[in-house]
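In the working numbering, the protein residues as written are 1383 to 1832.
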């Protein structure tokens, strides 16, 4: 049997080795995995960056509110220093009544601590929604120096300061020429202004018999080389009962400091100019884009008007300083001694809201000499203050949409979130400090008649 070879050619075998490169499927898988990795890294980085910025914001807010509280503490503790806690209730000065201790205003201009509860609340953003409060505080004391100075009584209601006294040398140095001290004394006692035209500060005089006199400063002169001379307005003072010529007394300058809500910039762009605070929503939210966020302002005000700021060259509010920006709350409460007279043990309670104004009413039953000199003391007056409870809050400049607003639940509840625009989701972050401030110039005396 014959065998025939097949005429068909054998099929060629493919090489088992595949060509170099990636298939389309592999490419798609690699690109997808890379995109996922890059996106994940981007989102993680963005979240970390935002979280870091939030932490920095919170840290800055916390630092700012702590520094502001310490500044307030320093000023509050100095209230009444070398002054008079309540001139109308001060038995030492009962017979030395002058322009600033009379039967009517401005007697409250010189009391050591003055508080008007809720006076500045309307200047806070969304105050009703956030249930916040802002008070106004005025303090009187020697905020210029740390000493009182010895002076000799001259005719015509003049006092010559002893430039060789150690207290004077600590404050003003030792130039050796009495005439060189005039400008420095004017800066301290008169606030750098001509006292005849701008009675910025007043002078507290304590006699060798313990009498206290508060009077306007009308002039400062060189004193012909013997020492600077202060001329006082004693038109309503019984000088025979207060001090006599050639007697030695001690004198100290008194300043009037105000804490209030305001803005750091006016509509014209100048800092602290104008009497109307430009507050409201900051740029980018509800309200005028030119408005400024509320700030806690500290300034020196004069004694001859309710709230007249001490002015300066080219600036209508030269002494104003921002204590805390983006103010959310400034709430001051008092701890007062409510005992009926000095023979009873102290009874210290916390006075809040309307009771604060009642407690500080120095015009109530305090202008009667018999009441001042008896044990039956009035239950009101700044001489009863023992300490202050301060609640101070600041907020972030804008709202965070991821930070949901939750109502506070009462003015005494913690303030955790702040609503700036009810029409926008989110809330501003808040940091609060609450502390008690001891008032040594009030508490150390301990007596109700001071």
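Quick reminder that beta carbons are idealized off the backbone N, C-alpha and C, glycines included.
Can you give the Cα-Cα distance for residue i and residue j, rounded to whole angstroms?
i	j	result
residue 1376	residue 1819	In the structure displayed, the chain extends from 1383 to 1832; residue 1376 sits before or after that span and is not available.
residue 1641	residue 1509	19 Å
residue 1571	residue 1453	23 Å
residue 1549	residue 1503	42 Å
residue 1435	residue 1789	25 Å
residue 1535	residue 1492	23 Å
residue 1551	residue 1774	39 Å
residue 1804	residue 1787	9 Å
residue 1717	residue 1644	27 Å
residue 1696	residue 1563	Note on residue 1696: pLDDT 44, under 50, position unreliable in the model; the coordinate value appears next. So the alpha carbons of these two residues sit roughly 27 Å apart.
residue 1555	residue 1566	10 Å
residue 1505	residue 1726	42 Å
residue 1759	residue 1720	Residue confidence for residue 1759 is low, a pLDDT of 40 falling below 50, so the modelled location carries little weight and cannot support an answer.
residue 1583	residue 1611	16 Å
Buried or exposed, going by whether 16 or more other CB atoms sit within 10 Å of the CB of residue i?
i	result
residue 1780	buried
residue 1666	Residue placement at residue 1666 cannot be trusted, given a pLDDT of 39 that sits under 50; what the coordinates show is reported in the next sentence. Exposed is the call here.
residue 1590	exposed
residue 1409	exposed
residue 1413	exposed
residue 1708	buried
residue 1764	buried
residue 1675	buried
residue 1406	exposed
residue 1638	buried
residue 1546	exposed
residue 1633	buried
residue 1800	buried
residue 1587	buried
Looking at chain B, is there any beta carbon in it that lies within less than 9 Å of the beta carbon of residue i?
i	result
residue 1562	Among the chains of the structure shown, chain B does not appear; only one protein chain is present.
Run through DSSP, which three-state label would residue i get?
i	result
residue 1604	coil
residue 1820	strand
residue 1836	Summary: the structure shown does not reach residue 1836, with the chain confined to residues 1383 through 1832, and so no result is reported for it.
residue 1637	strand
residue 1408	helix
residue 1837	Shown here, the chain extends from 1383 to 1832; a query on residue 1837 therefore has no answer.
residue 1545	coil
residue 1509	helix
residue 1613	strand
residue 1803	coil
residue 1540	strand
residue 1703	strand
For this session: Mind the definition here: the region 1445 to 1453 touches the region 1812 to 1820 only if three or more C-beta pairs lie below 8 Å; say whether that holds.
Result: In this structure the region 1445 to 1453 touches the region 1812 to 1820; the number of beta carbon pairs closer than 8 Å is three or more.
Exercise. Is there contact between the region 1793 to 1809 and the region 1523 to 1537, where contact requires at least three CB pairs shorter than 8 Å?
Worked result: The region 1793 to 1809 vs the region 1523 to 1537: no contact.
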